[in-house]
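In the working numbering, the protein residues as written are 1 to 635. We put the CB at the ideal spot given by N, CA and C, even for glycine. This structure is a prediction, so every number in the text was calculated from the model and none was measured. Here's the structure we're looking at; comments come further down.
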């Protein structure tokens with residue numbers, strides 16, 4: 001047996017790593033966490049330093065036993081779990097659970113599974129970073145305290161099975177508040193007026209100009225009803241038109257940075273209609289390695305949980321070389337691009353999500369991948385390559401046109417804008433999704449050649465009624481973006497938040513938008529009333545900052561828990577005493593359970609009311625009320 005043992009989280013990662021490290025290393029997988037807080041009780045000693053009472057789940061006991069056995073035969077153990085707080089904590093738990101401290105053990109960290117990165121990591125092993133471990137412990141304990149203290153209260157007051165979560169409850173509040181904005185929104189009428197104009201000579205196509213102002217009036221033009229519009233339309237039909245001013249300029253549009261976790265989830269939703277959960281599952285497969293024919297297992301992208309847009313210098317140079325060869329020197333900017341993160345808490349030691357090898361084009365690998373894997377790889381690959389390409393350049397023209405009404409002398413100012421592409425740059429490869437800043441379409445409006453002072457011919461006047469619209473409901477992309485901008489959550493939390501809200505029947509997805517359900521409203525309102533500090537975006541963002549400080553060794557995690565728990569305990573006491581019981585009682589019926597013979601009751605569930613056995617949880621028999629009604633009617 002090999003004298004060096006390497007432990008990773010997944011069998012897929014183990015297989016890819018094994019190909020690189022060779023037979024002198026034995027690679028084993030822990031299959032995720034091997035220790036956690038107990039499932040059925042709090043597992044945190046709040047009276048004695050918030051000591052977590054970790055245990056090895058029954059399903060993991062055999063895994064731990066095998067790892068302990070393998071370690072006893074090794075001369076050295078390398079913990080090669082993921083390069084983030086969660087991975088650091090898994091490594092620490094492995095040492096404790098499998099008694100790895102009996103053998104020399106070290107931590108190795110890499111952000112991509114390539115030969116160069118792996119060998120570099122093994123040349124520079126280190127000790128487990130307890131600051132990172134403590135940050136993860138703090139998050140786990142904090143979330144456990146909130147979940148295990150508030151959820152039973154909701155179960156007693158509202159319905160069994162309801163839950164609250166420190167971050168999920170803030171996300172729920174955002175969704176509910178947006179829904180209420182929409183419900184209370186009162187549309188306001190407004191009008192716009194466009195004219196269709198053309199040159200007076202020749203057969204040039206018409207173009208449109210929109211009414212922007214009335215000369216001599218300082219106030220911004222607002223048209224609120226048809227009575228205000230009709231006199232202007234009459235004037236415009238009689239007016240003479242001429243070009244008063246032309247402004248031309250060259251506009252550059254820069255490419256977006258390579259993906260971080262949140263932007264990957266947003267763009268995968270916009271372009272591929274992948275949920276955040278699905279995106280992360282596929283990205284993990286691409287990171288851990290997939291078989292590419294004769295190449296064997298290959299890690300295709302860098303680590304997918306990151307909030308940094310930093311890219312390794314070697315990857316930048318490789319990308320620039322590829323662009324020059326594929327598209328020509330004009331498409332390579334004079335200097336490599338670097339992107340600064342603007343989101344709170346970004347960890348610059350990490351890298352952006354990028355392909356591990358840019359010359360490995362999407363078409364080269366798609367025959368070895370599933371359709372979804374190929375589509376996500378293409379998205380990551382195109383975004384990275386585009387990020388190092390030259391800017392797109394447009395010639396933009398803004399034309400002011402005067403419409404002079406002959407009898408009163410009123411002068412109306414209309415504006416037409418146009419844009420034509422001069423150099424497409426990165427747009428030959430990639431354009432951001434429509435919800436992303438800078439993602440608007442360019443270069444579609446063309447104006448005829450015009451000169452200042454030139455007379456124009458009126459073809460038509462086009463007044464149009466509009467109504468203001470409420471803010472849109474969140475979709476997965478816009479909710480992730482809003483959470484990130486507010487400093488709520490971290491790369492590893494976005495997908496679980498969304499999945500939990502749907503699983504708990506707080507939110508449903510209709511037409512791609514997130515709609516709060518009845519229990520979503522109920523739970524949110526109770527939490528806002530009784531735990532205002534917990535479901536406050538400012539509090540949640542501050543906690544994220546404090547967790548970051550713990551990870552850097554700047555804050556003590558136990559003191560942080562104490563500072564949180566003291567006021568939280570007071571809120572719990574108040575809520576237990578004052579929260580109104582809203583629980584809908586089970587309704588008795590004459591039905592008897594066909595499995596165990598106990599009475600059945602009408603119970604509120606995920607999709608409305610249903611028949612349930614009172615022997616739950618030992619007996620889980622249920623019946624559809626609709627089905628039962630049809631049987632009665634048939635009889």
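Inter-residue Cα distance where the pair is residue i and residue j
| i | j | result |
| --- | --- | --- |
| residue 416 | residue 498 | 43 Å |
| residue 183 | residue 466 | 19 Å |
| residue 226 | residue 463 | 9 Å |
| residue 582 | residue 529 | 14 Å |
| residue 348 | residue 481 | Because the pLDDT of residue 348 is 42, which lies under 50, any placement of that residue in the model is unreliable, and the question is left without a value. |
| residue 144 | residue 543 | 14 Å |
| residue 407 | residue 213 | 19 Å |
| residue 199 | residue 401 | 12 Å |
| residue 339 | residue 538 | 27 Å |
| residue 173 | residue 126 | 42 Å |
| residue 622 | residue 586 | 14 Å |
| residue 541 | residue 566 | 19 Å |
| residue 250 | residue 107 | 52 Å |
| residue 19 | residue 31 | 19 Å |
| residue 438 | residue 432 | Confidence is the limiting factor: at residue 438 the pLDDT is only 41, short of 50, which leaves the residue's position unreliable, though a coordinate-based value still follows. Distance between the alpha carbons of residue 438 and residue 432 is about 8 Å. |
| residue 377 | residue 7 | 27 Å |
| residue 319 | residue 357 | 9 Å |
| residue 398 | residue 449 | 12 Å |
| residue 236 | residue 409 | 12 Å |
| residue 231 | residue 266 | 46 Å |
| residue 550 | residue 217 | 58 Å |
DSSP three-state assignment for residue i, whether helix, strand or coil
| i | result |
| --- | --- |
| residue 191 | strand |
| residue 361 | coil |
| residue 257 | coil |
| residue 302 | coil |
| residue 131 | helix |
| residue 634 | Reliability fails at residue 634, whose pLDDT of 44 lies under 50, so the model's placement of it is uncertain and the value that follows must be treated cautiously. Looking at residue 634 - three-state DSSP - the assignment turns out to be helix. |
| residue 72 | helix |
| residue 308 | coil |
| residue 103 | coil |
| residue 350 | coil |
| residue 316 | helix |
| residue 24 | coil |
| residue 513 | strand |
| residue 13 | helix |
| residue 373 | helix |
| residue 640 | Nothing can be reported for residue 640, as the shown portion of the chain is limited to 1 through 635. |
| residue 114 | coil |
| residue 541 | helix |
| residue 77 | strand |
| residue 610 | strand |
| residue 241 | strand |
| residue 549 | helix |
| residue 622 | strand |
| residue 42 | coil |
| residue 218 | coil |
| residue 322 | helix |
| residue 600 | strand |
Where the alpha helix (DSSP H) containing residue i begins and where it ends
| i | result |
| --- | --- |
| residue 590 | Unbroken run through residue 590 is the beta strand (DSSP E), 587-592; no alpha helix (DSSP H). |
| residue 576 | 557-578 |
| residue 81 | Careful: residue 81 lies outside any alpha helix (DSSP H) and carries neither H nor E. |
| residue 235 | 226-238 |
| residue 58 | Careful: residue 58 lies outside any alpha helix (DSSP H) and carries neither H nor E. |
| residue 404 | Looking at the DSSP string, residue 404 is not in any alpha helix (DSSP H); the run it does join, the beta strand (DSSP E), is 392-404. |
| residue 170 | 168-184 |
Terminal residues of the beta strand (DSSP E) in which residue i lies
| i | result |
| --- | --- |
| residue 530 | Unbroken run through residue 530 is the alpha helix (DSSP H), 518-530; no beta strand (DSSP E). |
| residue 207 | 207-214 |
| residue 414 | 411-423 |
| residue 534 | From DSSP, residue 534 is part of no beta strand (DSSP E); its letter is neither H nor E. |
| residue 5 | 4-8 |
| residue 338 | No beta strand (DSSP E) holds residue 338; DSSP gives it neither H nor E. |
- Task: Decide yes or no for the touch test of the segment 384-397 against the segment 326-338: beta carbon pairs closer than 8 Å, at least 3 of them.
- Result: Yes, they touch.
- Message: As an exercise, report each continuous beta strand (DSSP E) stretch of at least 3 residues that is fully enclosed by the segment 429-497, in chain order.
- Response: Considered as a whole, the segment 429-497 harbours 455-467 as its complete beta strand (DSSP E) runs of no fewer than 3 residues, in chain order.
- Message: Taking contact to mean 3 or more Cβ pairs, one atom from each stretch, closer than 8 Å, check whether the segment 195-209 and the segment 445-461 are in contact.
- Response: yes
- Would you check if there are 3 or more beta carbon pairs closer than 8 Å linking the segment 32-45 to the segment 132-151? yes
- Item | Segment contact, 8 Å Cβ cut-off, at least three pairs: the segment 63-73 with the segment 90-101 | yes
- Does the pairing of the segment 289-298 with the segment 511-531 give three or more beta-carbon distances under 8 Å? no
- Enumerated in chain order, which unbroken segments of the alpha helix (DSSP H) with a length of 4 residues or greater are wholly contained in the segment 268-301? 276-288
- Query: Are at least three pairs of beta-carbons, each pair with one atom in the segment 445-457 and one in the segment 239-249, less than 8 Å apart?
  - Reply: yes
- Message: Would you call the segment 109-121 in contact with the segment 48-57, where contact means no fewer than 3 C-beta pairs closer than 8 Å?
- Response: no
- Message: Quick check: the segment 570-580 against the segment 596-603, are at least 3 beta-carbon pairs closer than 8 Å?
- Response: no
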